[in-house]
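Sequences listed follow chains A and B, in order.
Counting with full-length UniProt numbering, you get residues 1 to 148 for the letters of the first sequence.
Counting with full-length UniProt numbering, you get residues 1 to 148 for the letters of the second sequence.
We treat Cβ as the ideally placed atom computed from N, Cα and C, and that holds for glycine.
Model, not experiment: these values are computed from the prediction.
What follows is a short report on a single structure.
Protein chains: 2
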Amino acid sequence: MEPFDDVYFMKKALVEAQTAFDKGEVPVGAIIVLNGQIIARAHNLTETLNDVTAHAEMQAYTAASDYLGGKFLKDCVLYVTLEPCQMCAGASYWAQIGKIVYGASEPKLGFSVLNTRLHPKTKVIKGVLENECSFLLKKFFAEKRNLN
Amino acid sequence: MEPFDDVYFMKKALVEAQTAFDKGEVPVGAIIVLNGQIIARAHNLTETLNDVTAHAEMQAYTAASDYLGGKFLKDCVLYVTLEPCQMCAGASYWAQIGKIVYGASEPKLGFSVLNTRLHPKTKVIKGVLENECSFLLKKFFAEKRNLN
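Following this line, the structure appears as structure tokens:
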């Protein structure tokens with residue numbers, strides 16, 4: 001039986017990213033886990049919804065808070081296939097999320113290079129299934145270029 | 001007749017902030033203007049919706065994009081009674097908003113002190129009806145303290 005570890009949950013976030021890919025969206029997926037249970041799943045929908053705020057993480061925060069009936073996610077872990085941007089990291093500050101685990105890095109617009117402030121209690125783990133996460137993004141942008 | 005200037009539109013944002021106040025929400029209001037016309041109105045609903053992403057600005061971006069049928073707000077002006085946070089400024093980067101006009105400053109968690117990156121084409125004007133905007137916030141927190 002597969003252990004319920006960071007790799008296991010990142011694979012679930014990758015399933016979401018693949019769903020975004022299949023819709024023609026920049027393929028980023030996110031899930032939120034509480035006590036080993038997935039309480040929210042989301043993927044990027046900025047094109048479908050015509051809405052820059054529809055990043056996977058933002059929808060996952062909203063869904064998780066709705067599930068819990070409270071806006072703080074202190075005991076939750078966010079798994080996301082791409083390093084969060086300023087907006088999504090900024091939202092994680094307000095949600096006081098316990099841990100962020102991400103796959104691929106975003107060297108230009110990721111929160112770490114832009115020094116976005118996280119909540120002091122938020123832990124960060126990066127590089128989980130990094131190759132798989134970035135492969136999907138590279139494939140997406142390569143196909144976009146070939147279409148233009 | 002009252003001119004359609006920054007003060008005029010900030011007063012409209014203040015009406016939204018007062019609505020938030022009346023609901024027991026931190027009183028922040030926002031509107032989005034395109035060519036002198038208000039295309040979105042919103043106020044903070046984080047408590048009502050149990051959702052940290054429900055800041056006034058975020059809802060205003062979503063509503064304006066929905067109205068326009070496109071996710072970019074390049075020719076739009078955001079009027080907001082309080083300086084945007086990292087999340088809301090981060091969203092404005094993606095929306096490429098033309099201008100941000102805010103009232104009260106947020107010296108601890110505002111985007112300017114936290115160096116959140118705005119889109120290079122976004123202009124910023126601060127301090128419009130600053131006293132009126134901050135008065136409402138101070139009144140809110142003073143009443144909260146008295147209740148506890």
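- Against B/Ala-91, the close residues of chain A are Val-52, Thr-53, Met-87, in the order they occur along the chain (beta-carbon pairs closer than 8 Å).
- By the CB criterion at 7 Å, A/Leu-14 and A/Thr-81 fall inside the cutoff.
- Between A/Val-113 and B/Phe-111, the alpha-carbon positions lie close to 16 Å from each other.
- With a threshold of 7 Å between beta carbons, A/Ser-65 makes contact with chain B.
- Taken atom to atom, the span from the alpha-carbon of B/Ser-65 to that of A/Asp-51 is near 6 Å.
- Taking a C-beta distance under 7 Å as the contact criterion, A/Gly-70 and B/Cys-85 do not qualify as a contact pair.
- DSSP, reduced to helix, strand and coil, places A/Gly-90 within a helical segment of the structure shown.
- For the pair A/Ala-30 and A/Tyr-79, the Cα-to-Cα distance works out to about 5 Å.
- A/His-55 and A/His-43 have their C-alpha atoms spaced approximately 7 Å apart.
- If you look at B/Lys-144, you'll find it in the alpha helix (DSSP H) that goes 130-147.
- According to the DSSP secondary-structure assignment, A/Cys-76 is paired through a beta bridge with A/Leu-34.
- For A/Ala-95, the residues of chain B that pass the 8 Å Cβ criterion are Val-52, in the order they occur in the chain.
- In terms of beta-carbon proximity, B/Arg-145 stays away from the interface with chain A, with every pair separated by 7 Å or more.
- With respect to the 7 Å criterion, A/Tyr-61 and B/Thr-62 are not classified as neighbours on the basis of their beta carbons.
- Excluding its 5 nearest sequence neighbours in each direction, B/Arg-41 has C-beta neighbours in its own chain below 6 Å: Glu-16, Ile-31, listed in chain order.
- By the CB criterion at 7 Å, B/Glu-130 and B/Gly-103 fall inside the cutoff.
- Taking a Cβ-Cβ cut-off of 7 Å, the neighbours of B/Leu-114 in chain A comprise Arg-117, given in sequence order.
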